[in-house]
Amino acid sequence: MSSSVVSKRYASALFEIAKETKMFDQFEDDLMTVKEVFTQNPTLMVLLQHPKMDMQKKKELVKEGFGSLSSQVLNTVYLLVDRHRTDIIPAVADEFAVLANQVRGTEDAIVYSVRLLNETELNELSAAFAKRIGKTSLRLKNVIDQTLIGGIKLKIGNRIFDGSVSGKLARIEKQLVIK
Numbered sequence: 008m009s010s011s012v013v014s015k016r017y018a019s020a021l022f023e024i025a026k027e028t029k030m031f032d033q034f035e036d037d038l039m040t041v042k043e044v045f046t047q048n049p050t051l052m053v054l055l056q057h058p059k060m061d062m063q064k065k066k067e068l069v070k071e072g073f074g075s076l077s078s079q080v081l082n083t084v085y086l087l088v089d090r091h092r093t094d095i096i097p098a099v100a101d102e103f104a105v106l107a108n109q110v111r112g113t114e115d116a117i118v119y120s121v122r123l124l125n126e127t128e129l130n131e132l133s134a135a136f137a138k139r140i141g142k143t144s145l146r147l148k149n150v151i152d153q154t155l156i157g158g159i160k161l162k163i164g165n166r167i168f169d170g171s172v173s174g175k176l177a178r179i180e181k182q183l184v185i186k
């Protein structure tokens, strides 16, 4: 079975528990914390996948690092360690976020700009583009990109809205080369 199918199953199981307990935000925060730790520390992943390391020591390592997580998320991490599936933990977190966003009517997006945008600007962007894609709001992450020269570039899922100066210059250059 492919990793994406397996990660979707774990995410949907956790999602059902979150629905019952009304802990969407808590579960999502916990899963994103776990994902961040695993992606920033690849040696942890290697250690938890090492066949000669005792399973009890692996669980103690998880407990030590993630003891503050909700019990359901912690038990899911234990289960993934038991089943030698720690490699799908980041995908489980991403799949859970997708399911939670569907329920909330939101979408995650990245805003690239030459400077950090303030809260008002982010809220206005969220409102304008959420309507455009049929959602109630966007959860924006602001990334600074000096290569844009000016303006913004917004990435929502697999769609990119490019209102940057460098993007406009590239489009003008492309038109001039064609003619």
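Per my numbering, the sequence shown runs over residues 8 to 186.
Where is the CB? At the ideal position from N, CA and C, for every residue including glycine.
Note that the coordinates shown come from a computational prediction; the quantities given were computed from them, not determined experimentally.
1. With DSSP as the reference, label I159 as helix, strand or coil.
2. Three Cβ pairs or more, each shorter than 8 Å: is that satisfied between the stretch 133–147 and the stretch 100–112?
3. Is it the case that the stretch 8–24 contacts the stretch 49–56, given that we only count it when at least three CB pairs across the two stretches are under 8 Å?
4. Using the Cβ count rule (16 or more neighbours within 10 Å means buried), how would you classify E35?
5. Compare the C-alpha of Q33 against each of L87, Y85, K70, A100 and name the closest.
6. Return the bridge partner residues of S120 from the DSSP annotation.
7. Answer yes or no: do K160 and Y119 have a C-beta to C-beta separation smaller than 7 Å?
8. In terms of residue numbering, what span does the alpha helix (DSSP H) encompassing D169 cover?
9. Could you tell me the alpha carbon to alpha carbon distance between F22 and L183, rounded to whole angstroms?
10. Under 7 Å, do L106 and I96 count as touching if we go by C-beta distance?
11. Rounded to the nearest angstrom, what separates K70 and D94 at their Cα positions?
12. Quick check on DSSP: helix, strand or coil for R146?
13. Helix, strand or coil for D61 per DSSP?
14. What are the partner residues of T113, as DSSP defines its beta bridges?
Result, derived from the coordinates:
1. If you number the sequence shown from 1, residue 159 lands on position 152. If DSSP states are grouped into helix, strand and coil, I159 belongs with the strands.
2. yes
3. no
4. Sequence index remark: in the sequence shown, residue 35 carries index 28 (1-based). Looking at its Cβ environment, which holds 16 or more other Cβ atoms inside 10 Å, E35 is buried.
5. Counting from 1 along the sequence shown, the entry for residue 33 is found at position 26. Nearest of L87, Y85, K70, A100 to Q33, Cα basis: A100.
6. Numbered from its first residue, the sequence shown carries residue 120 at position 113. Its beta-bridge partners are I151, I159.
7. Position 153 of the sequence shown, counting from 1, holds the residue named residue 160. Position 112 of the sequence shown, counting from 1, holds the residue named residue 119. Going by C-beta atoms, K160 is nearer than 7 Å to Y119.
8. Residue mapping note: residue 169 aligns to position 162 of the sequence shown, counting from 1. From DSSP, D169 is part of no alpha helix (DSSP H) but of the beta strand (DSSP E) over 166–169.
9. Within the sequence shown, residue 22 is the residue found at index 15, counting from 1. Within the sequence shown, residue 183 is the residue found at index 176, counting from 1. Roughly 51 Å between the two C-alpha positions.
10. The residue given as residue 106 occupies position 99 in the sequence shown. The residue given as residue 96 occupies position 89 in the sequence shown. Cβ atoms of L106 and I96: not closer than 7 Å.
11. In the sequence shown, residue 70 corresponds to position 63, counting from 1. In the sequence shown, residue 94 corresponds to position 87, counting from 1. Roughly 18 Å between the two C-alpha positions.
12. Walking along the sequence shown from the start, residue 146 turns up at place 139. The answer is strand: DSSP assigns R146 an E or B state.
13. Start at 1 with the first residue of the sequence shown, and residue 61 comes out as number 54. Residue state, collapsed to three classes: coil.
14. Locating residue 113 in the sequence shown gives position 106, counting from the first residue. Note: T113 sits in a beta bridge opposite S144.
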